[in-house]
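Residue numbers (the numbering used here): 50 to 453.
Glycine included, C-beta positions come from ideal geometry on N, C-alpha and C.
Just so we're clear, the structure is a prediction, and the values are computed from it rather than from any experiment.
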Amino acid sequence: MPALSKRAESLGTENAFVVLAEVNALARAGRDIISFCIGQPDFPTPVHIQDAAVAAIRAGRHGYTPSAGIDELRAAAARSMSALRGFEIRPEEVVVGAGAKPFIAYAIASVTDYGSGDEVIYPVPGFPIYESQIVANGAVPVALPLREARRFAFDPDELAARITPRTRLLILNSPHNPTGGLLARADYEAIAAVLARHPQVWLYADEIYSKLVYDGEFVSIAGLPGMRERTIISDGASKTYAMTGWRIGFTASATLAPVFTRWITNTESCASQISQWAALAALEGPQDEAEAMRARFRSRRDLIVRLLNQVPGFACASPGGAFYAWPNVSEACALIGARDSEELRKRLLHEAGVAVLADIHFGPRTEGEGQHIRFSYAASEEHIERGVARIADFIRANTRPPRK
Ligand code: PMP
Numbered sequence: 050m051p052a053l054s055k056r057a058e059s060l061g062t063e064n065a066f067v068v069l070a071e072v073n074a075l076a077r078a079g080r081d082i083i084s085f086c087i088g089q090p091d092f093p094t095p096v097h098i099q100d101a102a103v104a105a106i107r108a109g110r111h112g113y114t115p116s117a118g119i120d121e122l123r124a125a126a127a128r129s130m131s132a133l134r135g136f137e138i139r140p141e142e143v144v145v146g147a148g149a150k151p152f153i154a155y156a157i158a159s160v161t162d163y164g165s166g167d168e169v170i171y172p173v174p175g176f177p178i179y180e181s182q183i184v185a186n187g188a189v190p191v192a193l194p195l196r197e198a199r200r201f202a203f204d205p206d207e208l209a210a211r212i213t214p215r216t217r218l219l220i221l222n223s224p225h226n227p228t229g230g231l232l233a234r235a236d237y238e239a240i241a242a243v244l245a246r247h248p249q250v251w252l253y254a255d256e257i258y259s260k261l262v263y264d265g266e267f268v269s270i271a272g273l274p275g276m277r278e279r280t281i282i283s284d285g286a287s288k289t290y291a292m293t294g295w296r297i298g299f300t301a302s303a304t305l306a307p308v309f310t311r312w313i314t315n316t317e318s319c320a321s322q323i324s325q326w327a328a329l330a331a332l333e334g335p336q337d338e339a340e341a342m343r344a345r346f347r348s349r350r351d352l353i354v355r356l357l358n359q360v361p362g363f364a365c366a367s368p369g370g371a372f373y374a375w376p377n378v379s380e381a382c383a384l385i386g387a388r389d390s391e392e393l394r395k396r397l398l399h400e401a402g403v404a405v406l407a408d409i410h411f412g413p414r415t416e417g418e419g420q421h422i423r424f425s426y427a428a429s430e431e432h433i434e435r436g437v438a439r440i441a442d443f444i445r446a447n448t449r450p451p452r453k
């Protein structure tokens, strides 16, 4: 059998998809599983957006487009990104892709050289594709731990300690997957002060949850003095408009736009034209449904945080954005004699019929930060109430008597 490349063998995955397969297999076998695994809105795409896609098909707008996307969508994305962030982004800086995800790989491949020792710093816990793509592109992954005591921001001194002359890229993600944490303006000011001393470092600001912020303001690091030129801003339609399967994301970077365009010409050619017209309707049409979804997520956040904090051994900080809750379950593990969050996750799945992800699905645990599991609360209120009640019952029923 001919061999596979080291690159292919080093490619990681999103464990959410692996756990999901496990959940689906149990469901097919007749088990009643309440799942909090999947990181996508549970709402249908708003009808006016669906209609724009149908109209595009009927009007014959279903061929290739320029690799950077149709001009109308690039302009609309520029307007929408500018309005939220409070500085001007020009349409020429914007490139449309098949989701925000492909730009993670394009960015890493565009600023690091394979096997040369170039380093990329990324948040842990974090979206697993960061580390996977750093490694697959032959760069060196440098984990930056998020701290619960800082509401899941990182310590700027820990960032400073990780930057070397080989550092080429820093990946930031706010609102954050999996913690739901937000970087505040003060965090960004501290990060910008560190980066000012290291002009060789690019920034990848993964802002896919930018419109799902519940407390305080959304801030982009690109708005801070000196940061704009070196920041690749990434956003998209998936989360805000319940359009995950439509595959539309967009980035903004004056320097990298032509490079990303060439990557797209070399890979998918362009994002689906049909989805691009739909995304244009999403950005330019009425925003009331997107706003209503945001309001629902916010009230579900309040519900799930309140309920999780009533589960014995769970301590859940209120996440400022996205649709994830990240309770600390160290004490719950101790109560039922589970070795760690992964054992707790498995027992919740098999014994309580509740599917969640464990912290190890988002990178190695940080010493001293305890055990966590992730809930996606993109699920109905009834689902949240029943699911968390099952967990509380399970912990109570399995709590071991304290050792004398
Ligand atoms: N970044 C983060 C942090 C995410 O959680 C996701 C989706 N789970 C993405 C990027 C990718 O989003 P999409 O490709 O659907 O635009």
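Supposed contact pair residue j and residue i - C-beta distance, whole angstroms, cut 8 angstroms
i	j	result
M292	F92	Their Cβ separation, rounded to whole angstroms, is 10 angstroms, which puts M292 and F92 out of contact at 8 angstroms.
Y253	K288	Contact flag wrong, Cβ pair sits at about 17 angstroms.
A149	S59	That pair is no contact at about 22 angstroms.
A387	V360	The pair is not a contact, with the Cβ atoms about 14 angstroms apart (cut-off 8 angstroms).
R134	G298	With 8 angstroms as the limit, R134 and G298 do not qualify as a contact, their Cβ atoms being about 16 angstroms apart.
T62	S181	7 angstroms
Y426	A374	6 angstroms
S422	P451	Residue 422 is actually Ile in this sequence, not Ser. That belief does not hold up - the Cβ atoms of I422 and P451 are roughly 23 angstroms apart, past 8 angstroms.
T94	W295	7 angstroms
Cβ-based burial, residue i [other Cβ within 10 Å; buried from 16]
i	result
L398	buried
D162	exposed
P151	buried
Y400	Looking at the sequence shown, residue 400 is not Tyr but Glu. Exposed, since its Cβ has fewer than 16 Cβ neighbours within 10 Å.
P248	exposed
S54	exposed
D255	buried
T213	exposed
M50	exposed
T314	exposed
V103	exposed
T304	exposed
For residue i, the three-state DSSP class (helix, strand or coil)
i	result
F424	strand
T289	coil
S84	strand
R196	strand
Y258	coil
V268	coil
Y179	helix
W538	Lying outside 50 to 453, the shown extent of the chain, residue 538 is not represented and no answer is given.
R449	coil
V173	strand
H225	coil
S302	coil
6 angstroms CB neighbourhood of residue i in its chain, flanking five on each side removed
i	result
L232	A202 and S223
R114	It should be noted that the sequence gives Thr, not Arg, for residue 114. Cβ neighbours of T114 beyond the five flanking positions: C319 and Q322.
A158	N186
V144	A117, T300, A306, F309 and T310
R277	A271
A286	M292, I297, A328 and A331
A154	Q182
D442	none
Contacts around residue i, its chain only, beta-carbon distance under 8 angstroms, and the 5 residues preceding and following it disregarded
i	result
S429	D91
A245	G275
I106	I323
V96	none
R234	E266 and V268
V243	P205, L208, A209 and I212
Beta-carbon proximity list for residue i, same chain, < 7 angstroms, skipping 5 on both sides
i	result
L193	I170, Y171, P172, V173, F203, E207, L208 and R211
A371	P224, H225, N226, G229, Y258 and L261
D389	C382 and Q420
C86	A65, V68, L69, V72, A404, V405, L406 and S425
Short CB-CB distance (under 8 angstroms) between residue i and chain C
i	result
L75	In the structure shown, chain C does not exist; there is a single protein chain.
Closer than 7 angstroms: residue i CB and nearest the ligand GTP heavy atom
i	result
K260	Absence of the ligand GTP is noted for the structure shown, with the ligand PMP being the only ligands found.
Quick check: the stretch 350-358 against the stretch 165-179, are there 3 or more CB pairs under 8 angstroms?
no
With a threshold of 8 angstroms, are at least 3 pairs of Cβ atoms found where one atom belongs to the stretch 301-321 and the other to the stretch 71-86?
no
Can you confirm whether the stretch 405-413 touches the stretch 263-280 when touching is taken to mean that 3 or more C-beta pairs between the two stretches lie within less than 8 angstroms?
no
Inspect the CB distances between the stretch 326-334 and the stretch 105-124 and report whether three or more fall short of 8 angstroms.
yes
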